[in-house]
Every structure is written in structure tokens, then in C-alpha cells.
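Colleague: Pasting a structure below so you can have a look.
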């Protein structure tokens, strides 16, 4: 995806999260936050020129759906464009400190994914607070990176 598409999705996901209760709707609230953060990391990686900023959509590491002239999508192999989760696939190129900090924040969020969504750990206000704080750090780092950006980002 392209940087503006990532930032648009972040905005829509944040609007969704604002309508949800972090504890009552934890699963959806969590996934929306984790997805928003992953979009932020991808936007930052594209902005830094580390990954490709193209209109193609990852289905699994190295496999993308590529828009065709007739409006359809065709699967194709390609170099790293969007990560699906931090570390999947691993970014092999050197990463600037701000993006590395974004990735650490995302790992803090993902630390709760399996325990809370798959293994039955009841989410608490502290867990929701940790996830929200990590996402806010991630999004703030993206905002700083994009503030002086060129090329319409």
C-alpha cells in the first residue's frame, strides 16, 4: 500500500476504537489498534525508503494482490512492501531509531494478543492502558516522521 492509504486506514481504525469500550469490546478494540499500529509501521518504512510504497496488498510474506487494469486483483510474488506484523516478515535493512521504537511499541501490544485473544486471559484496565499507550507512542512517532515529508505524504 501507499503511505496515504496507510494513514487513511489509521484514521478510520482510530475512529472505530473511539466508539468501542476497551474492556467490553476488547477483542475488536485490540485488533483495531494492532492493525492501526501495523499500518503506521508500514507507512514509516515506506517513508524511509526501506520498503516499497506501491498499490499492492500483502496476503502472506512475499505474496501480494496486485490491482489489474480491469479492476481485478492478481496474486504475485514481490519484494518486501508491507509487513503483516512486526517481524513477519523480518525487515532485513537497517531501520532508523524512530521506526525501531515504533516496532518495539508494536511488540508491546502484540505481547497481549495470544494471552488475551486466544488463551483466555481476561483483559484488564492495565492491559488496555499498556496497549493504548504503546499505540499512542507508535502513532506519535509516525506523525513526527511525516510532519516534514515531501511528495504529498
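In our numbering, the protein residues as written are 1 to 153.
Here a beta-carbon is modelled for each residue, glycine too, at the ideal position from N, C-alpha and C.
Nothing here was measured: the structure is a model prediction, and the numbers come from that model.
(1) Over what stretch of residues does the beta strand (DSSP E) that includes residue 73 continue unbroken?
(2) Quick check on DSSP: helix, strand or coil for residue 51?
(3) Mind checking which residues open and close the alpha helix (DSSP H) that includes residue 4?
(4) Compute the Euclidean distance between the alpha carbons of residue 15 and residue 110, then round it to the nearest angstrom.
(5) Can you tell me the Cα-Cα spacing of residue 61 and residue 80, whole angstroms?
(6) Pair every Cβ in the stretch 134-145 with every Cβ in the stretch 36-49, then say whether three or more of these pairs are closer than 8 Å.
Modeller: Quick answer:
(1) Numbered from its first residue, the chain shown carries residue 73 at position 73. Here the beta strand (DSSP E) through residue 73 covers 73-77.
(2) Position 51 of the chain shown, counted from the start, is the residue given in the question as residue 51. The answer is coil: DSSP assigns residue 51 none of H, G, I, E or B.
(3) As a first step, residue 4 is located in the chain shown; it is residue number 4 there, counting from the start. Residue 4 -> alpha helix (DSSP H) spans 3-19.
(4) The residue you call residue 15 lines up with position 15 of the chain shown. The residue you call residue 110 lines up with position 110 of the chain shown. Looking at the two C-alpha atoms, the distance is approximately 21 Å.
(5) In the chain shown, residue 61 corresponds to position 61, counting from 1. In the chain shown, residue 80 corresponds to position 80, counting from 1. Rounded to the nearest angstrom, the two C-alpha atoms are 8 Å apart.
(6) yes
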